[in-house]
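Count the sequence shown with this note's numbering and you get residues 8 to 301, in order. Structure first, then comments.
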Amino acid sequence: MFFASYICHVPTTTTSNKKQLGPLQRFLGAEASVINIEHLRVNNFIHAEWLEVCLCEENQEDRGMLFLFPIDDNKFSLQLYFLQYAEGSTVNATVCSIRFMPAFFDQYPAETLMANQPFRFDETTEQQFAICGQARLLLGELQQAVVLTPFIRSLKQSETAMHLLRRALECITIPFTTCQVPACRFLAFESEREKIKEARLIIEANIDQPITIRELSRKVAINECYLKKGFKTIVGKTIHEYQQDLRIAKAKELLREQGQSVTEVANTLGYSSISHFSTAFKRVTGIKPCELLA
C-alpha cells in the first residue's frame, strides 16, 4: 500500500473541455479538491484508491457512481466511486475508487456480461447508485483488511471488491426516476426529492410572509443551489415565481370574494407598499388590482 499527500484543484469546466473531464472530475465536480490519496493494489486486475476530498458545493447525501468504458469487442474497463461525507461536514468527504481492469472481465463469457446493464451498451456509460448499509460495511473491510499473510489479505480484499461490484450492479438494475437535467442528478435520491416537496409546503404555508431562499434551504437542509435547481425541475417554476403566483391567487380571492380593499390585501399578504403590490399583481394578471374591484 502506498500513501501520498497532495492538493489537486481540478480546472474549471467549460463547454469545450467538458467531455474531456476524467471520471473522478465528473463525479465530484470540476472545482473539487483532492487532499490526500492512498493507493491499494488488490491484485493485478483490481486497483483501489482512498481519497480525502473537499467539495465545492455542500451536500449530505452519500452516493456512488459506476463508469464503464468499452475497450474493444467484449472488453471493458470499469470504475466504481463511493463517496461518503465526513461526520458533521457537508463538504469534506472520503472517496473509495475501485478500478476493474479489462483482464478481470476476460474470465467471464461475453454472453454472461451482455445479459447485464451496463455491459449491453456499446458506449461509455455512467450510472449513479445509492450506497446501502451493506456497501458501507464492505468499504470498511476493504480498507482495514487485517489477516495473517499478504496473500490471504489480497484474497479477502479481492472478495470484498467483487462484492462491492455486485452490490453496485444490483442497485443500478432497480428502476428509479432520474432527472433529465445533468445538474439535478441528485434528484435521483428520494430523500432529496422529499426536501424539495417539503420546501414547497413551507412556501404554501407562508404566503403572507415570503421566506428567502437562504432561510428555506436551512429549514429543509439542502444547498441553496440544489434547492433552486431542484425546485424548478420538480415544480416547473422558480421559487420566486411560485411564491408570486400563490400570493396573487390569494389576492384575487381577497379582492373579489371577500371584498377587501387594495390596501388591506397588500398589508395582509406582506407587500412592502401598495405600489409594489399593484406592480406585482399587474405583472401576473395583466390588470391592476383596482380594476378587478371595478
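Virtual Cβ for every residue (Gly too), placed ideally from N, Cα, C.
Non-local beta-carbon contacts of Q86 in its own chain, meaning distances under 6 angstroms to residues more than five positions away in sequence, involve P30, F74 and R106 in chain order. Look at F126 here: in three-state DSSP terms it is coil, with no helix or strand label. Contact annotation: T270 and I255 have beta-carbon atoms that are not nearer than 7 angstroms. Fewer than three beta-carbon pairs drawn from the stretch 153-168 and the stretch 114-124 are found closer than 8 angstroms, and the two stretches are therefore not classed as touching. Runs of the beta strand (DSSP E) lying entirely within the stretch 73-117, each at least 3 residues long, are 82-92 and 99-107 in chain order. Excluding residues up to 5 positions away in sequence, V269, V272, P296, L299 and L300 lie with their Cβ nearer than 8 angstroms to the Cβ of L262 in the same chain.
With a beta-carbon spacing of about 7 angstroms, G36 and L62 fall inside the 8 angstroms limit used to define contacts.
Shown here, C139 sits in coil according to DSSP, grouped into three states, outside any helix or strand. A residue is called buried once 16 or more other Cβ atoms fall within 10 Å of its Cβ, and R70 is buried on that count. Residue range E197 to A212 is occupied by the alpha helix (DSSP H) that includes A206. Counting along the chain, no beta strand (DSSP E) covers V291; the unbroken alpha helix (DSSP H) around it starts and ends at I281 to T292. 7 angstroms or more divides the Cβ of T131 from the Cβ of E148. Secondary structure of L62 (DSSP, three-state): coil. Annotated as proximal: F83 and F112, with beta-carbon spacing under 7 angstroms.
Secondary structure note for L172: its alpha helix (DSSP H) is the uninterrupted segment P157 to I179.
By the beta-carbon neighbour count (other beta carbons within 10 angstroms, threshold 16), Y278 is buried.
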